Amino acid sequence: MIRGRAATDSPRPQSWREGEATSSACGSPGNSGSSQCATMELGPLEGSYLELLNSDADPLCLYHIYDQMDLAGEEEIELYSEPDTDTINCDQFSRLLCDMEGDEETREAYANIAELDQYVFQDSQLEGLSKDIFIEHIGPDEVIGDSMEMPAEVGQKSQKRPFPEELPADLKHWKPVPSSSSSLSCLNLPEGPIQFVPTVSTVPQGLWQISGTGTGVSSIFIYHGEVPQASQVPPPSGLTVHGLPTSPDRPGSTSPFAPSATDLPSMPEPALISRANVTEHKTSPTQRQAAGEVSNKLPKWPESVEQFYRSLQDTYRAEPTGPDGILMEVDLVQARLERSSSKSLERELATPDWAERQLAQGGLAEGLLAAKEHRRPRETQVIAMLGKAGQGKSYWAGAVSRAWACGRLPQYDFVFSVPCHCLNRPGDVYRLQDLLFSLGPRPLVAADEVFSHIVKRPDRILLILDAFEELEAQDGFLHSTCGPALAEPCSLRGLLAGLFQKKLLRGCTLLLTARPRGRLVQSLSKADALFELSGFSMEQAQAYVMRYFECSGMTEHQDRALALLRDRPFLLSHSHSPTLCQAVCQLSEALLELGEDAELPSTLTGLYVGLLGRAALNGPPGALAELAKLAWELGRRHQSTLQENQFPSADVRTWAMAKGLVQHPPGATESELAFPSFLLQCFLGALWLALSGEIKDKELPQYLALTPRKKRPYDNWLEGVPRFLTGLIFQPRARCLGALVGPSATAFADRKQKVLARYLKRLQPGTLRARQLLELLHCAHEAEEAGIWQHVVQELPARLSFLGTRLTPPDAHVLGKALEAAGQDFALDLRSTGIDPSGLGSLVGLSCVTHFRAALSDTVALWESLRQHGETELLQAAEEKFTIEPFKAKSLKDVEDLGKLVQTQRTRSSSEDTAGELPAVRDLKKLEFALGPISGPQAFPKLVRILTAFSSLQHLDLDALSENKIGDEGVSQLSATFPQLKSLETLNLSQNSITDLGAYKLAEGLPSLAASLLRLSLYNNCICDMGAESLARVLPDMVSLRVMDVQYNKFTAAGAQQLAASLRKCPHVETLAMWTPTIPFSVQEHLQQQDSRISLR
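Using numbering that gives the first Met the number 0, you'd call the opening residue of the sequence shown number 0 and step up by one each time.
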């Protein structure tokens, strides 16, 4: 590994004057010690930096030159500086920056030197750099050399920088080849940002001239060795070689290893050495125009790369036609993972409250750009787009590709989109080129030059892996031992492992789309960014219906189609899923073509029966059942694609393709087919379970996934099967199973109906978890069987908690329908459910819901919305039913939301049309504060300011396992509120870093609570004897106090004796817990013997 670094620290400080003399001696021509001077150790720099520049010092004396190492076995070449051994320390570097900032001439001179350094000392042996790196950046026509007379010493020391192909295979024995003729190269540096490169690996020999527009310096010469005489210096008007263009993501940098501003921590702004606000050097208009034309030239790609770039853009620019081309912008929500429980290490997708959602502002382009800006340098970035089946993840992935093709993602040079069903081929062997060019939606033709260009800049590559959940063993990619080299062929699993382990295309961006379930979520725990698709809102769903019929050329049916959808609230709630919204439109289109008396079904099962009914009747006998069997078998293997030879006959395959039940997915081979939607595969799988005689009756209930077995549980990958299965089994035969396969094929359905009915009626809804309870309600709704529905709704418990369980619009609808049918009152806990405002309003407005809890921010937003829309009755009901008892503040946002609730009450009380307190504020009896030592002291003053609004507060708990540490200041603020807390019975101030001062302030305020306070805890604080004396003095006045806990404090036997003496005057106190390690145990035993109310536990 090649390491360029400065000389090591000298054991004895050496001034620059000493170093100058030494370097002059060592740098004389013919001196055999010249090579040793390269490693001479320098002390602190003194004097003018321009004086250093114009001195006779050999530049080799400023660098430590290492011998070339054998790079044959090295995989990576790294150039860096070790701060612990650099000669120039931080103080010297700061002085250098200050001098450069103060002197314009010096600053511009060193800025040009730094830019020259980036090219001159760039390592030409880096792996992957082309021999034409110099020609590629500045153009062959711009490389100009001019022979001129030079001193003999210059001709002897002048070297030509070789290209990589001119180096011998064994780099260890490579030596510079002296030039046959003396030549001089000059650099004309364009205007632009400059970056300082502190370390180099080699120092070339020869004479260099630096000049540039706006530098303020006409010419600067750098000479390796002795400086030639003035008569030998070439004139400034000599021919120049134009400067290199800057890197797009590192301003002013032409080297891949040049540090950016983010790579230099704690660097002052002057260190960035910008040319902003610098007086431009006066030049003629012609010279300025020529310099501008040169500086504006950008590096050109090779022609083959340009052609591939344009063809790739044309591939992704094509818009989908028909209904698939309807574009509806949906919200992109920032997601995060959290532990499923305190005792489990598994993670699941967190469910934020509706008001807490963090939307990705600006859509997909800005979201990807923001994620890229936060990436670590030269590190592969993994971004995951999550969403349930049918939420439009694949369509979104296609929209990302089209956005790039249209120029809206300029941070990427190339985008490759690969459907993961094309990668599930365990037996094949591929290379990275195949993954990028051959497995996408359309095979791409790319030359080796294109691939070489791509791997040079992996940070400009975006690779999209769509439907990542279809890959087998996704969780093994991060831990797999596979990690091939760039040119090694291997399995697709090995390629993916190399990408995720950052061994292939290191620095690229991986964008995954997947369903958030199973072990996949655990694999994404270390992703750099997580997003979630939220689906359609109610307004977007209705807009989609209008656009669908407009694209279908049936604008006359738009209003009628919307009316059909609004008549079915259950299907309208399901229209938040783009796939189901499209299915509703397809069935509405077919029904409206038949006549005006059409109406949509009320269940999902009826929706898909209507879509497949006519196709099934026109197909070959048994074709639908055979297709259903294929769907079920693929689902058990977690797959959605199949081969043509898997069909029982060519007629079945032809029929399924003609009816759109299977199709060729993008990027698949000619023999591969797939179901157009995941929900269609679920419906067909449920159809097979309903028709098959191979499924035993006793095994059928497990496929409902309501009571999972402990041994060999059903994984429910086809998550839509339970609802479709109950619908197919229980709905009337004539319009359900019989309409699909005919009456003769339903022989097993009656027996299965009895089995499922017996199982469902034995279930106790009150014992199910929230997610299983919602699934049971959906199954009962799909069944449309009165006995099952009545059993389920009548067994619902009066207190229903969905805390932490996501409630989608269909969940809110079916829950509300069940609560109305139950005929009893309910109290709902809807916190951390992500329920949308319309769903929250519909549940709150039910007369059977007497109390509800929801996020404070969501509830306040609901009240404000109802007030704006003039829904006075619903607003009054929402205010009366809302409760926050008990309330536990665990974050700063909780305290802020509580403050907004109090402010709402104060605004409401001052209004003329309303009066009285909010029940939620008025009836709060228990308040816990557990923010920890960091946020606790910051948030507690905000809590104190609103504390007096809770007139019924009985229990104030300020204890936390991680200690709130409100301190003496917090106790002083709290004591001032005691006169308004007339109902306070329990005050817990444990573990809050309270000292004698805090105890004194507390004792001053406690008499205001004398008539109500029953329990006072000061456990594990820092109260000493003076604080104990203050508490002992006020103890007799606390006539209602029953329990006082002062254990684990700092007072000694003197303080304990004062408390014991005061206790004798308080016959009403039942327990005084006083054990502390600072009191001798003999003293504590003696005090306990005198008064048994003293507890030492």
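The C-beta atom is built at its ideal place from N, Cα and C for all residues, glycine as well.
Source: prediction; values computed, not measured.
query	result
Mind checking F1080: buried by the 16 CB within 10 Å criterion, or exposed?	exposed
Check Q1083 in the structure and name its three-state DSSP category.	helix
Who pairs with H954 in a beta bridge, going by DSSP?	K925, T985
Does the Cβ-Cβ distance between V813 and G534 come in under 8 Å?	no
In this structure, how does DSSP classify L767 when only helix, strand and coil are distinguished?	coil
Using the DSSP secondary-structure output, state which residues sit across from I463 in a beta bridge.	S416, L510
In its own chain, which residues sit with a C-beta less than 8 Å from the C-beta of T653, not counting the 5 before and 5 after it?	none
Below 6 Å CB to CB, which residues in the same chain sit around F682 once its five sequence neighbours on both sides are set aside?	Y607, F723
Identify, in the order they occur along the chain, each residue of the same chain with its Cβ nearer than 7 Å to the Cβ of V661, setting aside the five sequence neighbours on each side.	A655, L672, A673, F674
Can you grab the Cα-Cα spacing for the pair H850 / D824, in whole Å?	9 Å
On the three-state DSSP scale, how would you describe M1037?	coil
Using only CA atoms, which one of F413, P940, F977, F450 lies nearest to R430?	F450
Could you compute how far the alpha carbon of L874 sits from the alpha carbon of L494?	58 Å
Within 10 angstroms of the Cβ of A257, are there 16 or more other Cβ atoms? Answer buried if so, exposed if not.	Unreliable positioning characterises A257 in this predicted model, as indicated by a pLDDT of 38, which lies under 50. The coordinate reading is nonetheless provided below. By the 10 Å Cβ count, A257 comes out buried.
In the DSSP assignment, what are the bridge partners of D828?	S800, R852
Who does I382 pair with in a DSSP beta bridge?	L510, A528
Would you kindly work out how many angstroms separate the C-alpha atoms of K941 and D893, rounded to a whole number?	11 Å
Please list, in chain order, all residues of the same chain as R944 whose beta carbon is under 8 Å from its beta carbon, the five residues on each side excluded.	G898
Near L845, which residues of its chain fall below 7 Å by C-beta distance, leaving aside the five closest residues on each side in sequence?	G815, L818, E819
How would you write the range of the beta strand (DSSP E) that T1070 sits in, first residue to last?	1070-1072
Grab me the residues of F413's own chain with a C-beta within less than 8 Å of its C-beta, minus the 5 sequence neighbours each way, in chain order.	Y308, L311, I453, R459, I460, L461
With respect to the alpha helix (DSSP H) encompassing P976, which residues constitute its N-terminal and C-terminal limits?	A small correction: the amino acid at residue 976 is Thr; Pro does not occupy that position in the sequence shown. Where T976 is concerned, there is no enclosing alpha helix (DSSP H), given that its DSSP letter is neither H nor E.
Which of the three DSSP states is assigned to C25 in this structure?	Confidence at C25 is low in this model, with a pLDDT of 42, below 50, so the placement of that residue is unreliable and no value is reported for it.
Could you check the C-alpha separation between E378 and C507 for me, to the nearest Å?	7 Å
At which residues does the beta strand (DSSP E) containing S400 begin and terminate?	First-last for S400: 392-404, but that is the alpha helix (DSSP H), not the beta strand (DSSP E).
Do the region 771-784 and the region 714-728 touch if we need at least three Cβ pairs shorter than 8 Å?	yes
With DSSP as the reference, label T1077 as helix, strand or coil.	coil
Quick one: is C405 buried, meaning 16 or more other Cβ sit within 10 Å of its Cβ, or exposed?	exposed
Please classify L839: is it buried, with 16 or more other beta-carbons within 10 angstroms of its beta-carbon, or exposed?	buried
Return the residue from the list A748, T807, G719 that minimises the CA-CA distance to R732.	A748
Does the distance from the C-beta atom of D956 to that of N987 stay below 8 Å?	yes
Between which two residues does the beta strand (DSSP E) carrying A673 extend?	671-673
Sorted by chain position, which residues of the same chain lie with C-beta nearer than 8 Å to E911's C-beta, five sequence neighbours on each side aside?	Annotation note: pLDDT 48 at E911 (below 50); position unreliable, no value reported.
Would you report the Cα separation of L865 and S572, rounded to the nearest angstrom?	21 Å
Just to confirm before moving on: does the CB-CB distance between L973 and L1013 stay below 8 Å?	no
What whole-angstrom Cβ distance do A888 and E916 have, given they're in contact under 8 Å?	Contact doesn't hold; Cβ gap of about 20 Å is too wide.
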